[in-house]
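Novice: Protein chains in written order, with this note's numbering: chain R, 1 to 375; chain B, 376 to 663.
Beta carbons: idealized from backbone N, C-alpha and C, even for Gly.
What follows is the structure, given as structure tokens:
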């Protein structure tokens with residue numbers, strides 16, 4: 001029993017569960033201080049996230065880009081790089097996706113595939129700049145990423161402000177129908193189609209009132225592909241070796257500079273895929289003028305941290321944060337609780353993730369108590 | 376020209392104050408990625424207290440206290456529990472703005488505060504926050520390089536185990552440096568809401584904390600280097616604002632991104648070898 005408890009405390013997932021639990025407790029104290037009933041608030045949050053089929057679908061949609069941005073951050077982390085530039089790479093990806101989605105003339109399925117490939121290449125190249133600056137000039141990736149995020153947001157705004165690319169001031173051209181990955185996208189655009197969908201019963205509510213799309217399958221496939229790449233290919237092994245011990249990797253003959261650039265390229269490309277899925281899957285299917293960062297990329301950082309920088313758990317971490325973000329709207333309109341409580345909760349979860357080593361420490365103390373006396 | 380200089384100085388003031396927080400923390404070996412979040416809570420506390428009391432100085436000190444309070448969390452996590460400094464910093468960048476806007480809604484019923492009429496004074500048309508910033512640059516230079524306490528901090532950031540064997544309390548020193556870092560970043564946030572915009576709103580800091588962090592690295596972790604870096608960045612911002620008023624054949628967005636691009640180019644040209652404190656980012660574990 002005790003042995004089981006010690007092992008349980010040492011499991012990585014325990015640390016993440018501890019972080020969520022501790023954040024719920026502290027969040028409840030903050031809610032109480034602000035005069036809200038925490039139990040009602042959490043119940044409302046849960047209901048708002050998954051309480052109705054339509055809410056659950058919106059949660060999945062909100063989680064889709066989080067899975068991918070979380071994966072992006074995780075991927076760079078494997079090479080020992082902290083990709084805070086995921087925001088800028090996401091922005092560059094959205095612009096590339098909108099451009100290709102509007103100007104390419106391709107049949108369905110081929111068109112979204114082309115949009116995603118293009119967005120991945122553009123965002124990947126943008127990410128690779130960070131890797132290059134680090135490898136060649138020894139500029140810290142956090143520093144160059146911060147600057148490049150601002151460059152990206154201004155480039156996107158430049159695109160949106162260029163007459164050739166915008167529909168109206170502040171909003172770029174939308175994508176063609178052929179580029180959309182929304183379920184039954186064509187049918188949803190005609191009155192006859194909508195009438196047909198109405199006959200589908202409870203599914204019609206989901207189909208008509210949400211942007212339910214194929215993105216979640218793409219995101220999950222990307223996670224498993226990344227897992228395969230990192231675990232089963234020599235390039236993936238080299239990337240991880242650079243992250244685990246740079247000097248040892250170099251001594252073993254791995255070109256660490258090359259793999260730094262490559263890692264940031266892949267990380268950026270995954271952020272670009274997140275952007276393309278977002279543009280082709282969620283209304284208004286275009287980019288608008290950004291006065292400030294929208295945090296689509298930044299929100300991937302807590303996902304990756306809760307996932308403990310391993311690949312598959314990104315899916316679960318993203319579902320949790322996606323549900324919290326979507327459910328926040330419900331408690332704001334029904335319980336009058338400001339949505340910022342979610343930002344605070346996410347911050348608290350990450351904070352306790354930082355403290356998760358405490359679990360291991362407790363395990364060590366218990367073990368020492370048990371075996372210490374016999375030594 | 377006068378306008379260019381005054382905008383430069385206006386932009387530099389919050390960066391200098393927050394950047395000093397980055398210097399003191401990183402010199403002792405603790406990365407403080409949370410300058411942005413701490414500045415936001417400082418900007419809020421400064422505006423809220425100045426609004427309620429009608430006294431800008433009280434707001435300014437409250438901002439320092441709020442910043443120090445948030446930094447206490449960072450200190451407990453990274454020094455007491457030896458947690459990952461980057462992760463804790465990321466967390467505070469969510470918690471700080473989250474708390475600030477959460478309480479702005481409760482206090483003002485909206486995501487932005489009412490206009491704050493109490494303002495920090497100006498001396499010869501120069502914001503006092505800038506003068507305070509420059510004063511602390513000089514004070515920190517003297518403290519770090521001319522006093523035994525300062526030299527101990529540097530020793531801890533370079534080689535904590537060696538400092539420990541000489542009887543210096545590594546954990547206590549780091550703990551205090553992180554708190555001081557939060558106080559400075561809180562002041563930096565208040566410099567926005569009490570000297571520049573006179574209102575708290577969600578995007579009031581708009582990346583200044585990260586720019587301050589960049590200025591710390593660019594200034595090679597020294598107070599005087601930081602001052603130079605902040606003035607250069609402030610000048611680029613001023614230049615970009617100045618050019619916006621001109622009738623140039625260049626799109627506005629290109630001019631807006633210039634400060635960031637120029638900073639990157641300067642880094643490529645001049646940063647050279649990294650001179651970060653050797654133990655920065657590494658928790659000190661006495662038992663190990």
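State buried or exposed for residue 527 of chain B, treating a residue as buried only when at least 16 other CB atoms are found within 10 Å of its CB.
Specialist: The residue in question, residue 527 of chain B, is buried, as its Cβ has 16 or more Cβ neighbours within 10 Å.
Novice: Excluding five sequence neighbours on each side, which residues of the same chain lie with their C-beta closer than 8 Å to the C-beta of residue 181 of chain R?
Specialist: Excluding residues within five positions, the ones whose Cβ falls inside 8 Å are 112, 213, 214, 215, 218, 277, 280 and 281.
Novice: Return the chain-ordered list of same chain residues with a C-beta closer than 6 Å to the C-beta of residue 10 of chain R, the five sequence neighbours on each side being excluded.
Specialist: Taken in chain order, the residues that qualify are 360 and 363.
Novice: Spell out the partners DSSP gives residue 502 of chain B in its beta bridges.
Specialist: B:497.
Novice: Does the Cβ of residue 522 of chain B have 16 or more other Cβ atoms within 10 Å, making it buried, or fewer, making it exposed?
Specialist: Counting Cβ neighbours within 10 Å, residue 522 of chain B comes out exposed, since fewer than 16 surround it.
Novice: Going by beta carbon distance, what residues of the same chain come within less than 8 Å of residue 142 of chain R, once the five residues before and after it are set aside?
Specialist: Taken in chain order, the residues that qualify are 82 and 84.
Novice: Hey, residue 554 of chain B and residue 447 of chain B: beta-carbon distance below 8 Å or not?
Specialist: In contact: residue 554 of chain B and residue 447 of chain B (Cβ atoms closer than 8 Å).
Novice: Using beta carbons (cut-off 8 Å, strictly below), is residue 324 of chain R in contact with chain B?
Specialist: Closer than 8 Å: no.
Novice: So, residue 239 of chain R versus residue 79 of chain R, is the Cβ gap smaller than 8 Å?
Specialist: For residue 239 of chain R and residue 79 of chain R, yes; Cβs fall inside 8 Å.
Novice: Below 7 Å on C-beta distance, what does residue 144 of chain R contact in chain B?
Specialist: Neighbours of residue 144 of chain R on chain B, chain order: 639.
Novice: Kindly indicate the opening and closing residues of the beta strand (DSSP E) around residue 294 of chain R.
Specialist: Looking at the DSSP string, residue 294 of chain R is not in any beta strand (DSSP E), and its letter there is neither H nor E.
Novice: Helix, strand or coil for residue 659 of chain B, going by three-state DSSP, please let me know.
Specialist: Residue 659 of chain B falls in the coil class under three-state DSSP.
Novice: Leaving out five residues on either side along the sequence, give the residues of the same chain with a beta carbon under 8 Å from the beta carbon of residue 131 of chain R.
Specialist: Counting only Cβ-Cβ distances below 8 Å, and skipping sequence neighbours, we find 81, 141, 260, 261, 262, 263, 264 and 265.
Novice: Short of 7 Å Cβ to Cβ, which residues in the segment 335-347 of chain R face chain B?
Specialist: Of all residues in the segment 335-347 of chain R, 338, 340, 341, 343, 344, 346 and 347 have a Cβ within less than 7 Å of some Cβ in chain B.
Novice: Strictly below 7 Å CB to CB, what residues from chain R border residue 459 of chain B?
Specialist: 354, listed in chain order.
Novice: Hey, how far is the Cα of residue 118 of chain R from the Cα of residue 97 of chain R?
Specialist: Distance between the alpha carbons of residue 118 of chain R and residue 97 of chain R: 7 Å.
Novice: Strictly below 8 Å CB to CB, what residues from chain R border residue 480 of chain B?
Specialist: Those within 8 Å of residue 480 of chain B in chain R are 338 and 340.
Novice: Counting C-beta neighbours from all protein chains within 10 Å, is the total for residue 201 of chain R 16 or more, i.e. buried, or is it exposed?
Specialist: Residue 201 of chain R comes out exposed.
Novice: Does DSSP put residue 339 of chain R in a helix, a strand or coil?
Specialist: Looking at residue 339 of chain R - three-state DSSP - the assignment turns out to be coil, as it is neither helix nor strand.
Novice: Which residue marks the beginning of the alpha helix (DSSP H) containing residue 167 of chain R, and which one marks its end?
Specialist: Not the alpha helix (DSSP H): residue 167 of chain R falls in the beta strand (DSSP E), residues 166-168.
Novice: Can you list the alpha helix (DSSP H) stretches of 4 or more residues lying completely in the segment 205-262 of chain R, in chain order?
Specialist: The segment 205-262 of chain R contains these whole alpha helix (DSSP H) runs: 215-232, 234-244 and 246-251.
Novice: So, using beta-carbon positions, are residue 563 of chain B and residue 440 of chain B closer together than 8 Å?
Specialist: Their beta carbons are not under 8 Å apart, which means residue 563 of chain B does not touch residue 440 of chain B by this criterion.
Novice: Residue 619 of chain B to residue 625 of chain B, Cα distance in whole Å?
Specialist: Each residue's Cα considered, the two are about 10 Å apart.
Novice: Closer than 8 Å, CB to CB, is residue 585 of chain B near chain R or not?
Specialist: Answer yes: the Cβ-Cβ gap between residue 585 of chain B and chain R drops below 8 Å somewhere.
Novice: Return the CA-CA distance between residue 404 of chain B and residue 3 of chain R, expressed in angstroms with no decimal places.
Specialist: Cα to Cα, residue 404 of chain B sits roughly 37 Å from residue 3 of chain R.
Novice: Am I right that residue 300 of chain R and residue 72 of chain R are in contact with their C-beta atoms under 8 Å? What's the rounded C-beta distance?
Specialist: Correct: roughly 6 Å between the Cβ atoms.
Novice: Only counting the same chain, and skipping five residues up and downstream in sequence, which positions put a Cβ closer than 6 Å to that of residue 388 of chain B?
Specialist: Correct list, in chain order: 502, 504, 505, 508 and 566.
Novice: How about residue 321 of chain R: is its C-beta nearer than 8 Å to some C-beta of chain B?
Specialist: Answer no: the Cβ-Cβ gap between residue 321 of chain R and chain B never drops below 8 Å.
Novice: Who are the near neighbours of residue 577 of chain B in its chain, counting only those whose CB is closer than 6 Å to its CB and skipping five residues on each side?
Specialist: Cβ neighbours of residue 577 of chain B beyond the five flanking positions: 476 and 486.
Novice: Are the beta-carbon atoms belonging to residue 321 of chain R and residue 303 of chain R less than 8 Å from one another?
Specialist: For residue 321 of chain R and residue 303 of chain R, yes; Cβs fall inside 8 Å.
Novice: With a threshold of 8 Å between beta-carbons, can residue 608 of chain B be considered close to chain R, or not?
Specialist: Chain R, which has no Cβ nearer than 8 Å to the Cβ of residue 608 of chain B, makes this no.
Novice: In the segment 22-56 of chain R, which residues sit with their C-beta less than 9 Å from some C-beta in chain B, listed in chain order?
Specialist: The residues in question are 30, 34 and 35.
Novice: DSSP beta-bridge partners for residue 288 of chain R?
Specialist: According to DSSP, which records beta bridges pairwise, residue 288 of chain R is partnered with R:171.
Novice: Using DSSP with H/G/I as helix, E/B as strand and the rest coil, what is residue 139 of chain R?
Specialist: If DSSP states are grouped into helix, strand and coil, residue 139 of chain R belongs with coil.
Novice: Using only the alpha-carbon positions, how far apart do residue 427 of chain B and residue 343 of chain R sit?
Specialist: The straight-line gap from Cα to Cα measures roughly 26 Å.
Novice: Count the other C-beta atoms from every protein chain shown that fall within 10 angstroms of the C-beta of residue 1 of chain R, then say buried if there are 16 or more, exposed otherwise.
Specialist: Looking at its Cβ environment, which holds fewer than 16 other Cβ atoms inside 10 Å, residue 1 of chain R is exposed.
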